[in-house]
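See structure below.
Protein chains in written order, with this note's numbering: chain A, 2 to 297; chain B, 168 to 637; chain C, 27 to 161.
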């Protein structure tokens with residue numbers, strides 16, 4: 002199955018390892034990601050002011066590019082492995098489909114005639130519904146046995162539910178089910194959809210530390226030994242802030258935070274050496290070694 | 168001059184408290200009533216309650232004189248465990264098809280001794296107890312949660328009629344071809360596994376629709392656990408736990424492990440006042456019943472604390488405001504103004520994330536038990552009955568009155584009236600008043616047909632299609 | 027000292043701008059507090075998210091322009107997802123940030139960023155941070 006792929010700036014830079022893992026593991030399960038020949042940053046957050054045409058121009062331009070590439074089925078299909086990019090592209094696409102006056106203004110600015118022809122689908126959604134977790138499971142070479150992992154969804158694939166959710170916003174299962182298909186043991190806990198703080202990392206990291214603590218503590222109490230996520234900013238907030246947590250919170254047990262494609266690549270028996278392990282603040286390799294799951 | 172061919176009998180659909188009141192008023196005036204209910208016994212939801220607000224009367228105690236009278240009245244033809252399948256005709260001559268569901272027990276022979284229920288090995292969750300599963304110690308001392316009813320059952324000790332029915336979906340004989348213990352222990356051989364549904368036709372001249380309400384399902388409230396979190400129950404389930412004739416005999420224990428709950432949270436407006444996601448309307452009775460439940464809880468657990476998360480307190484009836492103030496002052500129920508956002512399980516507690524808008528503080532309670540006050544909704548089948556009768560229900564499924572201000576008990580069809588919560592949330596005094604009101608409408612109609620009042624009788628079988636009785 | 031409320035004060039220019047920029051009807055909020063109850067950052071705010079709307083309903087927008095709360099909204103959409111009146115509070119927060127920044131300039135400046143932060147932040151943190159906090 003072929004689909005246009007938008008890496009996004011983070012998976013192109015600090016998250017390059019995740020991107021490498023996404024491309025390799027997608028290919029291994031029959032999902033052929035065709036990177037857009039031309040792409041720009043999506044803006045990293047959906048603009049919330051009503052008169053926001055300029056901020057929508059960037060994601061609109063990406064959608065035009067996906068349409069031009071024309072990869073997909075009956076409609077050009079675009080996917081991404083960054084949940085924030087998915088959220089921005091999806092909401093922009095819907096906005097353009099529904100608001101004709103604004104659509105004209107955006108199109109006149111980006112010199113195009115886009116009217117929402119592309120379908121935007123998050124990569125987990127594709128893996129679940131178009132590839133199938135059963136298919137993924139069949140291609141697993143090294144089941145992640147013994148890995149008790151808490152799936153963390155964050156906000157961007159779940160809210161606002163009417164616009165972006167392909168899963169139950171109060172009790173999502175798709176990332177948990179992917180982990181199960183890889184042979185890991187998904188651990189359920191109540192804060193899987195609680196915000197990590199996102200861009201507050203920039204101005205108020207002490208706030209994101211508390212938010213990350215709430216999530217990690219809950220995952221740990223439920224029996225998780227690791228967390229897995231599908232957003233590079235969530236990964237950063239949950240991972241980086243653990244450094245202060247061990248000093249400030251007595252009894253805090255650090256949890257490695259994996260990006261889903263790292264685990265997917267490992268389980269599929271691919272060469273995981275380039276999957277960005279050095280960037281982790283809580284080293285994510287020792288747990289894998291202990292469980293005999295490390296092949297690097 | 169008496170009108171010829173005019174049937175001065177009435178069909179009342181629904182034997183909840185409104186239907187019962189209407190039935191008794193009409194029956195006591197000498198006219199015949201056909202009273203139909205889908206449950207095995209009469210009393211509707213009021214039958215499930217512990218005590219009523221604001222008097223804290225035992226619900227079954229005040230109801231039983233009425234239900235017993237309904238069961239015995241010479242002018243009331245009672246069809247329980249039955250559904251109205253079809254109605255043809257018009258005012259003065261409706262033809263009603265009633266299907267009585269098979270009880271698999273011959274009620275003419277049954278003496279209501281209860282031996283069958285006692286013997287039945289299938290302990291299952293039952294609708295009357297809101298499918299509660301309650302912790303019981305097994306023989307080896309382990310805790311297991313099990314349902315509160317049996318596959319052959321009567322609804323409660325005060326049920327009228329007090330004759331059992333078999334729930335075929337949970338009966339081992341019907342599902343697996345084994346058991347038949349009830350048959351073995353029945354002293355009068357009343358069990359009849361071959362019983363078929365029975366059909367009856369009744370002819371009536373007027374109809375009262377008293378079809379009642381249901382509660383919005385917890386499954387639709389994902390942020391409150393979606394009905395999956397142990398010890399998060401709905402308000403009627405709490406009534407069953409509080410009720411002296413309920414599954415716990417009124418002893419306050421939480422379902423998952425039988426512990427005495429020391430901190431109990433009520434969550435108001437769950438699905439009500441929510442035009443964006445659920446029902447836009449206020450369900451009217453929940454402020455009162457949650458205050459009541461909190462008081463009853465405190466009367467049973469003296470060192471317990473009740474928290475009620477509310478948005479506004481609606482206590483407009485007679486002595487209602489004083490009742491709520493009593494809850495606050497005498498029983499120290501803490502009312503916290505702020506709608507709860509999330510409920511989840513952590514260890515053996517249920518965490519409630521709310522806010523106190525009055526101080527501006529985000530708050531949380533690690534509760535032992537959480538009671539949700541869901542929106543009231545129209546009872547199942549209301550919409551289908553409306554289609555059958557050519558009547559309207561509103562966008563939420565409530566019966567549409569002919570005109571809300573001055574004709575709240577009439578429909579757009581002559582001879583068909585409304586009573587009780589079928590038109591929308593209301594409390595017991597209002598439901599009873601409407602029952603009597605609808606009865607009055609019917610009796611006035613009957614009196615006019617006797618030539619005793621104003622207005623011409625309509626030709627036999629004709630339906631004028633316009634409403635609004637003069 | 028009493029706060030004087032008048033017909034003009036409760037529908038002043040700033041209130042009008044908030045409604046225009048956010049596209050939200052401030053008077054639709056009946057102050058149930060569910061947004062505040064679910065807000066993951068409420069613990070760090072100086073006023074509850076629901077109080078932000080309340081102050082605006084009363085026309086007391088100056089207080090909001092001084093608040094820390096509007097800079098702590100993470101646009102997680104939990105409020106909008108659960109609001110029984112369908113009010114997108116995150117849009118109101120953004121409208122308030124815009125109003126402050128139009129008057130006082132950006133809330134973040136590139137010059138004040140530390141090289142070690144720039145080195146470790148994922149691109150999207152940097153970009154969305156500037157989207158939210160700079161003109």
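Built from N, CA and C at the ideal position, the CB exists for glycine as well.
Residue i: CB within 7 Å of a non-hydrogen atom of the ligand GTP
i, result
"residue 234 of chain B", "As for the ligand GTP, it is missing from this structure, which has no ligand bound."
Short CB-CB distance (under 8 Å) between residue i and chain C
i, result
"residue 171 of chain B", "The predicted model places residue 171 of chain B with a pLDDT of 47, which falls under 50 and marks its position as unreliable, so this point remains unresolved."
"residue 90 of chain A", "no"
"residue 195 of chain A", "yes"
"residue 50 of chain A", "yes"
"residue 541 of chain B", "no"
"residue 277 of chain A", "no"
"residue 260 of chain B", "no"
"residue 443 of chain B", "yes"
"residue 508 of chain B", "yes"
"residue 16 of chain A", "yes"
"residue 486 of chain B", "no"
"residue 440 of chain B", "yes"
Interface partners of residue i on chain B, CB under 8 Å
i, result
"residue 171 of chain A", "389, 390 and 393"
"residue 50 of chain C", "The premise fails here: residue 50 of chain C is roughly 13 Å from chain B at the closest Cβ pair, so nothing lies under 8 Å."
"residue 109 of chain C", "443"
Closer than 8 Å to chain A by CB, residue i
i, result
"residue 613 of chain B", "no"
"residue 386 of chain B", "no"
"residue 96 of chain C", "no"
"residue 179 of chain B", "no"
"residue 154 of chain C", "yes"
"residue 54 of chain C", "no"
"residue 215 of chain C", "With chain C running from 27 to 161 in the structure shown, residue 215 of chain C is simply not present."
"residue 165 of chain C", "Residue 165 of chain C is absent from the structure shown; chain C starts at 27 and stops at 161."
Close-in-space but distant-in-sequence residues of the same chain around residue i (CB under 8 Å, 5 per side omitted)
i, result
"residue 371 of chain B", "174, 176, 177, 178, 201, 261 and 263"
"residue 626 of chain B", "Unreliable placement is indicated for residue 626 of chain B, whose pLDDT of 46 sits below 50; the coordinate value is still reported in the next sentence. Cβ neighbours of residue 626 of chain B beyond the five flanking positions: none."
"residue 633 of chain B", "Any reading at residue 633 of chain B needs caution, since the residue's pLDDT is 44, under 50, leaving its predicted position unreliable; the model's value is listed next. Excluding sequence neighbours, residue 633 of chain B sits near 579 and 581."
Per-residue contacts from residue i into chain A (C-beta, under 7 Å)
i, result
"residue 103 of chain C", "156, 160 and 161"
"residue 151 of chain C", "200, 202, 203, 234 and 237"
C-beta neighbour in chain B for residue i, strict 8 Å
i, result
"residue 191 of chain A", "yes"
"residue 222 of chain A", "yes"
"residue 63 of chain C", "yes"
"residue 141 of chain C", "no"
"residue 131 of chain C", "no"
"residue 117 of chain C", "no"
"residue 58 of chain C", "yes"
Neighbour list for residue i in chain A, Cβ cutoff strictly below 8 Å
i, result
"residue 512 of chain B", "191"
"residue 162 of chain C", "Any question about residue 162 of chain C goes unanswered here, given that chain C covers just 27 to 161."
Chain-ordered neighbours of residue i on chain C, where CB pairs are closer than 8 Å
i, result
"residue 480 of chain B", "By Cβ distance, chain C contributes nothing, its closest Cβ being about 13 Å from residue 480 of chain B, past 8 Å."
"residue 241 of chain A", "146"
Under 9 Å from the C-beta of residue i: neighbouring residues of chain B
i, result
"residue 76 of chain C", "505, 522, 524 and 527"
"residue 73 of chain C", "527"
Interface residues of chain C facing residue i [CB-CB closer than 9 Å]
i, result
"residue 82 of chain A", "The contacting residues do not exist; residue 82 of chain A stays about 12 Å from chain C at best."
Cut-off 7 Å between Cβ atoms - residues of its own chain near residue i, not counting five sequence neighbours on either side
i, result
"residue 193 of chain B", "177, 200, 606, 609 and 610"
"residue 227 of chain B", "214, 325 and 412"
"residue 27 of chain C", "none"
"residue 60 of chain A", "43, 44, 89, 90 and 93"
Cβ neighbours of residue i in the same chain (closer than 6 Å, five flanking residues each side left out)
i, result
"residue 357 of chain B", "272, 273, 276 and 277"
"residue 220 of chain A", "151, 190 and 228"
"residue 48 of chain A", "56"
"residue 289 of chain A", "295"
Proximal chain C residues relative to residue i, where beta-carbon distance stays under 7 Å
i, result
"residue 252 of chain B", "Near residue 252 of chain B there are no residues of chain C at all, since even the closest Cβ is about 39 Å away, more than 7 Å."
Chain B residues whose Cβ lies nearer than 7 Å to that of residue i
i, result
"residue 85 of chain C", "Those within 7 Å of residue 85 of chain C in chain B number zero; the least Cβ separation is about 19 Å."
"residue 158 of chain C", "What residue 158 of chain C touches in chain B: nothing, since even the nearest Cβ is about 22 Å away."
Quiz item: Should the region 231 to 238 of chain A be called in touch with the region 150 to 170 of chain A, which here means at least 3 C-beta pairs below 8 Å?
Solution: yes
Quiz item: With a cut-off of 8 Å, do at least 3 Cβ pairs link the region 235 to 243 of chain A to the region 198 to 210 of chain A?
Solution: yes
Quiz item: Which of the residues in the region 413 to 437 of chain B, read from start to end, lie with their CB under 8 Å from any CB of chain C?
Solution: 436
Quiz item: Is the region 131 to 149 of chain A close to the region 273 to 285 of chain A, with three or more CB pairs under 8 Å?
Solution: no
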